[in-house]
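A quick write-up on the structure given underneath.
Residue numbers (our numbering): 724 to 878.
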C-alpha cells in the first residue's frame, strides 16, 4: 500500500517491462497529487500488470474483453465514512507504453496521467457522460499542470 500521508508505500510490480518508472517517482507523484486534491490519509495499492491480467480484470469487472490502461477499484465502505483504505489502481504497462508512443507523449507524463486518472476514479470522478467527463478532464488538466506536465488531452 502507498500511504498518501507519509508516502511510504507498497507498489506491486507484476510486469517485466523495463520502462516502468521507479517507485520513488510514483511516491513523488502521489505526494503531489494528494497535496492538490481532497485525498487525505488514505492508503492505496498500485499494481502494474501486463495485458493478460488487465484483460481478465476488465472482462470480469467491466464486461470488456480487452486490456485497458487503468482500472480503479474503490474501497467499499458507506459513503458517509471516510475510509482508511482508498482502494486499488491497476495500470497495464504495455497499454500505457503503447499509448504514449501512439500519442507522441513523454512516457513519464503519461504514467503520471494514468495515476492521476486512477486516483480521481477512486475519489468518485467518472466519465460516463459528457458533464462528468468534462469535470474529470478539467481536474486532470489542473493537476497535471501543477505537477509540471502538459495537458494530457492536447494533441
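Just so you know, even glycine gets a beta-carbon here, dropped at the ideal spot from N, CA and C. Note that this is a predicted model, so its numbers are computed, not measured.
Answer with buried or exposed for residue 815, where buried requires no fewer than 16 other C-beta atoms within 10 angstroms of its C-beta. Against the chain shown, residue 815 aligns to sequence position 92. Buried, since its Cβ has 16 or more Cβ neighbours within 10 Å.
Residue range of the beta strand (DSSP E) that includes residue 825: In the chain shown, residue 825 corresponds to position 102, counting from 1. Where residue 825 is concerned, there is no enclosing beta strand (DSSP E), although the alpha helix (DSSP H) it sits in stretches over 816 to 825.
Rounded C-alpha distance that separates residue 797 from residue 841: Here residue 797 corresponds to residue number 74 of the chain shown, with the count starting at 1. Here residue 841 corresponds to residue number 118 of the chain shown, with the count starting at 1. When rounded, the distance between both Cα atoms is 10 angstroms.
So what does DSSP say about residue 737, is it helix, strand or coil? Counted from its first residue, the chain shown places residue 737 at position 14. Strand.
Can you have a look at residue 875 and say buried or exposed, based on whether 16 or more other CB atoms are within 10 angstroms of its CB? Taking the first residue of the chain shown as 1, we reach residue 875 at position 152. The residue is buried, with at least 16 neighbouring Cβ atoms inside 10 Å.
Just curious, the alpha helix (DSSP H) that residue 759 is in, first and last residue? By one-based count along the chain shown, residue 759 stands at place 36. Here the alpha helix (DSSP H) through residue 759 covers 746 to 759.
Three-state class that DSSP yields for residue 792 in the structure shown: As a position in the chain shown, residue 792 is number 69, starting the count at 1. In this structure, residue 792 counts as coil in the three-state DSSP scheme.
Is the Cβ-Cβ distance between residue 776 and residue 813 less than 9 angstroms? The residue given as residue 776 occupies position 53 in the chain shown. The residue given as residue 813 occupies position 90 in the chain shown. Going by C-beta atoms, residue 776 is nearer than 9 angstroms to residue 813.
Taking the alpha carbon of residue 858 as the point to measure from, which residue in 843, 746, 868 has its own alpha carbon closest? By 1-based counting over the chain shown, the position of residue 858 is 135. Closest by alpha carbon: 843.
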